[in-house]
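Quick note: the sequence shown, position 91, residue 90 per numbering that gives the first Met the number 0, numbers continuous. For glycine and all other residues, C-beta sits at the position ideal for the given N, C-alpha and C.
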Amino acid sequence: MSKPAFTLRPATAADSETLFNLILALAEYEKLTHIVEATPQKIQEALFGATPHAEAVLVEVETEVETEVEAGGARKAVGFALFFHNFSTFLAKPGLYLEDLYVDPAWRGHGLGKALLQHLAALAVERGCGRFEWSVLDWNQPSIDFYQAMGADVLPDWRICRVTGDALAKLGQAK
Numbered sequence: 000m001s002k003p004a005f006t007l008r009p010a011t012a013a014d015s016e017t018l019f020n021l022i023l024a025l026a027e028y029e030k031l032t033h034i035v036e037a038t039p040q041k042i043q044e045a046l047f048g049a050t051p052h053a054e055a056v057l058v059e060v061e062t063e064v065e066t067e068v069e070a071g072g073a074r075k076a077v078g079f080a081l082f083f084h085n086f087s088t089f090l091a092k093p094g095l096y097l098e099d100l101y102v103d104p105a106w107r108g109h110g111l112g113k114a115l116l117q118h119l120a121a122l123a124v125e126r127g128c129g130r131f132e133w134s135v136l137d138w139n140q141p142s143i144d145f146y147q148a149m150g151a152d153v154l155p156d157w158r159i160c161r162v163t164g165d166a167l168a169k170l171g172q173a174k
């Protein structure tokens with residue numbers, strides 16, 4: 000399969016709607032649209048507001064569509080990676096946590112997901128991180144296989160704990 004011309008670039012506030020649309024596509028793939036509360040405005044505030052909580056990288060491909068501004072084709076965002084720093088107490092170093100990675104199904108198999116992971120791994124090294132980690136749904140065997148082929152260990156002994164909504168409010172009130 001030929002590798003398309005693509006670019007990886009940090010997302011900007013102007014990309015908030017694009018990120019939102021890609022997040023919706025990811026939610027559809029994961030059958031989780033019922034929990035999406037994000038909006039382009041919430042994304043803009045969370046990633047590009049006064050206190051950014053995460054970062055995102057977009058993967059864009061060259062398209063055949065030509066505009067007056069972009070002779071020779073246009074770029075279309077077909078994937079993203081959203082990440083933030085965490086911290087390892089045992090390593091006493093920051094880590095890079097990949098919250099979500101998504102590539103449009105029509106563009107899978109062209110090395111775009113691999114390029115996103117390699118980009119973030121290089122960023123983790125550059126920033127002095129002791130590790131780069133993420134979660135994967137247990138039913139998503141294609142992704143598990145892909146991550147293992149990239150050198151990732153899927154840790155069988157760890158489980159994610161999550162507190163949200165009313166339970167979070169209740170736990171936050173307990174003193």
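Annotation: Asp165 to Asn139 spans about 29 Å, alpha carbon to alpha carbon. Here His118 carries a helix assignment [DSSP, helix/strand/coil]. Considering only Leu170, Leu116, Thr163, Gln172, the residue with the shortest C-alpha distance to Gly150 is Leu116. Pairwise C-beta distances place the segment 32 to 50 out of contact with the segment 84 to 91, as fewer than three of them are shorter than 8 Å.
Note: Phe86 is bridge-paired with Pro93 in the DSSP secondary-structure output. Per DSSP, Pro9 is one residue of the beta strand (DSSP E) stretching across 5 to 9. By the C-beta density criterion, Leu90 is exposed, having fewer than 16 other C-beta atoms within 10 angstroms.
In the DSSP assignment, Phe79 forms a beta bridge with Leu57, Tyr101. Around the beta carbon of Ile22, 16 or more other beta carbons lie within 10 angstroms, which makes this residue buried. Exposed is the label assigned to Cys160, since fewer than 16 other Cβ atoms lie within 10 Å of its Cβ. Your pair Cys128 and Gly94 checks out as a contact, with CB atoms roughly 5 Å apart and the cut at 8 Å. Taken through DSSP and simplified to helix, strand or coil, Thr163 comes out as coil.
Distances from the alpha-carbon of Leu57 to those of Ala24, Thr11, Arg107 put Thr11 closest.
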